[in-house]
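Following: one structure in structure tokens, then a few remarks.
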Amino acid sequence: MAAATFVALYAGHQVGDHVIQSHAQASAKGAPTGAGAHPWTGWPACLRHVASYGLVQAAALGLVCLVAPLRWGGVVAALAVSTGTHAVIDRRWPVRLIIRAKGCQDWPEAPYLIDQSLHAGALLVAAVAAAAVTGPVTAAAVAAGAVGLVGAALAVERWGP
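Just so we're aligned: the sequence shown equals residues 51 to 211 in our numbering.
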């Protein structure tokens, strides 16, 4: 179940992140990158991107549900983990922190490759959650955790890492 879910989430990720996302969303979702602007400036663009991204992933999971017995709670959990982590990663500051920690600022591909690697890892967690979640209480707990992650990211952005 986890493998089929991961494949669906990964395919949905590729389409949602590279085909469906608009240039305006890609350009604005990580703002601000300089001083003076409110730290949450890019969140509206990021959330618009994550909404379309989540719809594409839901469609991909719907296709998998035609041939695999994925439970609705698992779908909710997978989408919550995937969209919640995607929103935080796409704000770009986690990627910049990793680049600084690794000391790979001169690696031209670092931002994109680290971003995509973090997304792939999050998709694996989402797929395992989808396979593990068996009911509404667990699905709600996973969704609450995803909302909490976004809330923590907002706090970090507001008051600094």
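Positions of the beta carbon are idealized from the N, C-alpha and C atoms, including for glycine.
These numbers come from a predicted model, not from an experiment.
Below 8 Å on the Cβ atoms is my contact criterion, and I expect residue i with residue j to pass it. Report the Cβ-Cβ distance as a whole number of Å.
i	j	result
K79	D165	With a Cβ gap of about 11 Å, K79 and D165 do not count as contacting.
A54	V114	5 Å
P82	G123	The pair is not a contact, with the Cβ atoms about 38 Å apart (cut-off 8 Å).
T138	V200	For clarity, residue 138 is Val in the given sequence; the question names Thr instead. Right, their Cβ atoms sit about 6 Å apart.
G62	V125	With 8 Å as the limit, G62 and V125 do not qualify as a contact, their Cβ atoms being about 12 Å apart.
P158	I149	The pair is not a contact, with the Cβ atoms about 11 Å apart (cut-off 8 Å).
Could you pull the start and end residues of the alpha helix (DSSP H) that residue i belongs to?
i	result
H99	W93 to C115
V65	Premise fails: V65 is in no alpha helix (DSSP H) and is neither H nor E.
P144	W143 to K152
G134	W122 to D140
P161	A160 to A182
I198	At residue 198 the sequence reads Gly, which differs from the Ile that was named. Run containing G198: P186 to W209, per the alpha helix (DSSP H) assignment.
Q75	H73 to A78
Going by the CB atoms, is the gap between residue j and residue i shorter than 8 Å?
i	j	result
Q64	A95	no
Q71	H99	yes
A110	L59	yes
A127	V192	yes
M51	L147	no
G153	Y103	no
L168	P144	yes
* Determine contact between the stretch 176 to 195 and the stretch 129 to 148, defined as no fewer than three beta-carbon pairs at a distance below 8 Å. => yes
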